[in-house]
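Student:
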Amino acid sequence: MKECPECSSDKIIRDVKLVDYGDSNARYNQNALVYEKPDALIFKTAVKTELRAEACGECGFIQSYLVDPKRLWFAYTSRSGNVE
Ligand SMILES: [Zn+2]
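Each residue of the sequence shown is one higher than the last, beginning at 232 in this note's numbering.
(1) Helix or strand or just coil, what does DSSP make of Thr280?
(2) I need the boundaries of the beta strand (DSSP E) containing Arg245, first residue and last residue.
(3) Assuming Arg310 contacts Val278 (C-beta within less than 8 Å), just tell me the rounded distance between them.
(4) Terminal residues of the continuous beta strand (DSSP E) containing Leu297?
(5) With three or more C-beta pairs closer than 8 Å as the rule, is the segment 236 to 252 touching the segment 285 to 305?
(6) Name the DSSP beta bridge partners of Ala263, please?
(7) When burial is assigned at 16 or more other CB atoms within 10 Å of the CB, is Cys235 buried or exposed?
(8) Report the three-state DSSP secondary structure of Asp251 (helix, strand or coil).
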């Protein structure tokens, strides 16, 4: 984003990492996940991609993006029934 959609500020922080902290402060990048076969009992085939974000340095508005959207789109549309 070029400017904040909430407050119109141009103080945009690019490439914000979205992370979680686990045991012993281990850091994990947040991922978005789509199952290729959501109805399967065990092998649902998770396809994931990392998230990154841009944030407003004025009001804190944040917008997240998929790093590799085509990967999730391919998994999503490869399911039967989701092809448009
Ligand atoms: Zn803002």
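The beta-carbon is built from N, C-alpha and C at its ideal position, and this holds for glycine as well.
Tutor: So, from the data block:
(1) Within the sequence shown, numbered from 1, the residue matching residue 280 stands at position 49. Reduced to three states, the DSSP call for Thr280 is strand.
(2) Numbered from its first residue, the sequence shown carries residue 245 at position 14. Element bounds for Arg245: Ile243 to Lys248.
(3) To locate residue 310, count along the sequence shown from 1; it is residue 79. To locate residue 278, count along the sequence shown from 1; it is residue 47. That belief does not hold up - the Cβ atoms of Arg310 and Val278 are roughly 11 Å apart, past 8 Å.
(4) Mapped onto the sequence shown, residue 297 falls at position 66. First-last of the beta strand (DSSP E) with Leu297: Ile293 to Leu297.
(5) yes
(6) As a working note, residue 263 is residue 32 in the sequence shown. Answer by DSSP bridge pairing, in chain order: Thr280.
(7) Position 4 of the sequence shown, counted from the start, is the residue given in the question as residue 235. Cys235 should be labelled buried.
(8) As a working note, residue 251 is residue 20 in the sequence shown. Looking at Asp251 - three-state DSSP - the assignment turns out to be strand.
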